[in-house]
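Asks: This structure is in structure tokens; I'll ask about it shortly.
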Amino acid sequence: MTRPDRDAAAASCADPAGTVGAFLCRAGQHLRAAALDTPRLEARLLLAHALGCRTEDLLREPRAPVPPGAAGRFAALLRRRLEREPMAHLLGTQEFWSLPFSVSAATLIPRPDTETLIEAALAAFPRREAVRRVLDLGTGTGCLLLAALSEFPEATGVGVDSVPDAAALARRNAAGLGLHGRAGFFAGSWAAALAGGRFDLVLSNPPYIETETIAGLAPEVARHEPFSALNGGADGLDAYRSLLPEVRRVLAPHGRAVVELGQGQRAAVEALAGEIGLRPLGCRADLGGVDRALLLASDAT
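Residue 134 in full-length UniProt numbering sits at position 134 of the sequence shown; the count goes up by one each step and never skips.
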């Protein structure tokens, strides 16, 4: 869909005389024409956001008028979605581990596949009180650290991201979830700035996509998510080469690390881990059957 087409589509959904049902019908048609997978759902989510109501309210009152202000907001949101801006950016939030996280263009949007790391961590520590310190390297929104803290009630944690705006966003998410007293976030390069102390659980979702394939990803990702959080170098493994030695250095005796993998990367990352004294303990697959969460321990434990 060209820009004039997108503008015309958005304008057609800005008629203040329209009803909820008419707005949803027109928007759904335009989103379907743009080859989006769930046009009716997205139309409901965007209109509810513009109106400041719940999607079920729209279904209950399809003949309700849409006020002019909400119509304008909806048209602007629709235009951005037709340009393939992610829904999470438009709505401002994304759920992860049943927790709400604010998102921004400074970070990756939390994904269901990444929840596999939390599942692996819980399986590794059936005694929740055994985890007292958690580290999240490349924290982004803070979703991994904050989800872990919600499950390990005795733990405190630290999240590190190379992007200051990401660390600030994670800090706000911690406050919103009532976990700010147990989590600290700062900008830095992996664990290099951590002066001392060891961690029982280390989590990381590093960049692992091969540079040359990024442009071919879905437009929502390739155009709107930060390149630095996607780019794993020519073979997708650059981040692991710098990350894993840091993990080895800060992992406590009897501690465990859980690292996210891209498709087909398990053997290569296990080999890199073994070279620097980390022992693979297994890998948990995501719901699509992809080896996603690699569990690691120190060779000494």
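Don't be surprised by glycine CBs; every beta carbon is placed ideally from N, CA and C.
Please read these numbers as outputs of a predicted model, since none were measured by experiment.
Among GLY233, GLU225, HIS180, which one has its Cα closest to the Cα of THR213?
Replies: Reading the sequence shown from its first residue, position 213 is the one you call residue 213. THR213 has its Cα closest to that of GLY233, out of GLY233, GLU225, HIS180.
Asks: Using DSSP's beta-bridge definition, name the partner residues of residue 305.
Replies: Lying outside 1 to 301, the shown extent of the chain, residue 305 is not represented and no answer is given.
Asks: Just the C-alpha distance for VAL103 and VAL250, rounded to the nearest angstrom, thanks.
Replies: Within the sequence shown, residue 103 is the residue found at index 103, counting from 1. Within the sequence shown, residue 250 is the residue found at index 250, counting from 1. Spanning the two alpha carbons is a distance of roughly 28 Å.
Asks: Rounded to whole angstroms, what's the CA-CA distance from ALA34 to HIS89? Just pull it up for me.
Replies: Taking the first residue of the sequence shown as position 1, residue 34 is located at position 34. Taking the first residue of the sequence shown as position 1, residue 89 is located at position 89. So the alpha carbons of these two residues sit roughly 18 Å apart.
Asks: PHE152 to LEU46, Cα distance in whole Å?
Replies: On the sequence shown, residue 152 is found 152 positions in, with the first residue counted as 1. On the sequence shown, residue 46 is found 46 positions in, with the first residue counted as 1. Near 35 Å, if we compare the C-alpha coordinates of LEU46 and PHE152.
Asks: Give a yes or no on whether the minimum CB-CB distance between ASP291 and chain D is below 8 Å.
Replies: No chain D appears in this structure, which consists of one protein chain only.
Asks: Run through DSSP, which three-state label would ARG127 get?
Replies: In the sequence shown, residue 127 corresponds to position 127, counting from 1. Looking at ARG127 - three-state DSSP - the assignment turns out to be coil, as it is neither helix nor strand.
Asks: Could you give the C-beta distance for residue 302 and ASP291, rounded to a whole number, given that I count them as a contact under 8 Å?
Replies: Any answer about residue 302 is impossible in this case: the structure gives the chain only from 1 up to 301.
Asks: Can the beta-carbon of ARG44 be found closer than 8 Å to that of LEU58?
Replies: Residue mapping note: residue 44 aligns to position 44 of the sequence shown, counting from 1. Residue mapping note: residue 58 aligns to position 58 of the sequence shown, counting from 1. Their beta carbons are under 8 Å apart, which means ARG44 touches LEU58 by this criterion.
Asks: Please report how far the alpha carbon of VAL258 lies from the alpha carbon of PHE23, in whole angstroms.
Replies: Against the sequence shown, residue 258 aligns to sequence position 258. Against the sequence shown, residue 23 aligns to sequence position 23. Answer to the nearest angstrom: the Cα atoms are 45 Å apart.
Asks: Go through its chain and collect everything with a Cβ distance to PRO280's Cβ below 8 Å, but skip five positions before and after it.
Replies: Sequence index remark: in the sequence shown, residue 280 carries index 280 (1-based). GLU270, ALA273, GLY274, LEU294, LEU295, LEU296.
Asks: Which runs of the alpha helix (DSSP H) fall wholly inside the UniProt domain "Methyltransferase small" (125 to 212) and span at least 4 residues, in chain order?
Replies: Qualifying alpha helix (DSSP H) stretches, in chain order: 143 to 151, 164 to 176.
Asks: If we call anything under 8 Å between Cβ atoms a contact, is ALA161 one with GLY181?
Replies: If you number the sequence shown from 1, residue 161 lands on position 161. If you number the sequence shown from 1, residue 181 lands on position 181. According to the sequence shown, residue 161 is Asp rather than Ala. The answer is no: Cβ separation not under 8 Å.
Asks: Could you tell me which of LEU244, LEU122, ALA147, ARG266 sits nearest to SER98, measuring between CA atoms?
Replies: Numbered from 1 along the sequence shown, position 98 holds the residue referred to as residue 98. Measuring from the Cα of SER98, the nearest candidate turns out to be ALA147.
Asks: Leaving out the 5 sequence neighbours to the left and right, which residues in its chain are closer than 7 Å to ILE109 when beta-carbon positions are compared?
Replies: Counting from one through the sequence shown, the residue named residue 109 turns up at place 109. Once the five neighbours on either side are set aside, the close Cβ partners of ILE109 are PRO86, ALA88, GLN94, VAL103, GLU225.
Asks: Does ALA35 come out as helix, strand or coil in the three-state DSSP assignment?
Replies: As a position in the sequence shown, residue 35 is number 35, starting the count at 1. Residue state, collapsed to three classes: coil.
Asks: Starting from the C-beta of GLU119, find all residues in its chain whose C-beta is less than 8 Å away, skip the five residues before and the five after it, and write them out in chain order.
Replies: As a position in the sequence shown, residue 119 is number 119, starting the count at 1. ARG284, ALA293.
Asks: The alpha helix (DSSP H) that contains GLY72, what's its start and end?
Replies: Taking the sequence shown and counting its residues from 1, one reaches residue 72 at position 72. GLY72 -> alpha helix (DSSP H) spans 68 to 82.
Asks: Relative to the C-alpha of GLY18, which residue among CYS53, THR55, HIS49, GLY69 is closest?
Replies: Mapped onto the sequence shown, residue 18 falls at position 18. Of the candidates CYS53, THR55, HIS49, GLY69, the one whose C-alpha sits nearest the C-alpha of GLY18 is GLY69.
Asks: Pull up the CB-CB distance for THR107 and ALA166, whole angstroms please, since I reckon it's below 8 Å.
Replies: The residue you call residue 107 lines up with position 107 of the sequence shown. The residue you call residue 166 lines up with position 166 of the sequence shown. That pair is a contact at about 5 Å.
Asks: Could you name the residues of the same chain whose beta carbon sits closer than 7 Å to that of GLU115, not counting the 5 residues immediately before and after it, in chain order?
Replies: On the sequence shown, position 115 is the one that residue 115 refers to. Excluding positions up to five away in sequence, the list reads PHE96, TRP97.
Asks: Note down the Cα distance separating GLY196 from LEU145, rounded to an integer number of angstroms.
Replies: Counting from one through the sequence shown, the residue named residue 196 turns up at place 196. Counting from one through the sequence shown, the residue named residue 145 turns up at place 145. Near 19 Å, if we compare the C-alpha coordinates of LEU145 and GLY196.
Asks: Looking at GLY282 and SER204, is the spacing between their C-beta atoms short of 8 Å?
Replies: By one-based count along the sequence shown, residue 204 stands at place 204. By one-based count along the sequence shown, residue 282 stands at place 282. Taking 8 Å as the Cβ cut-off, SER204 and GLY282 do not qualify as a contacting pair.
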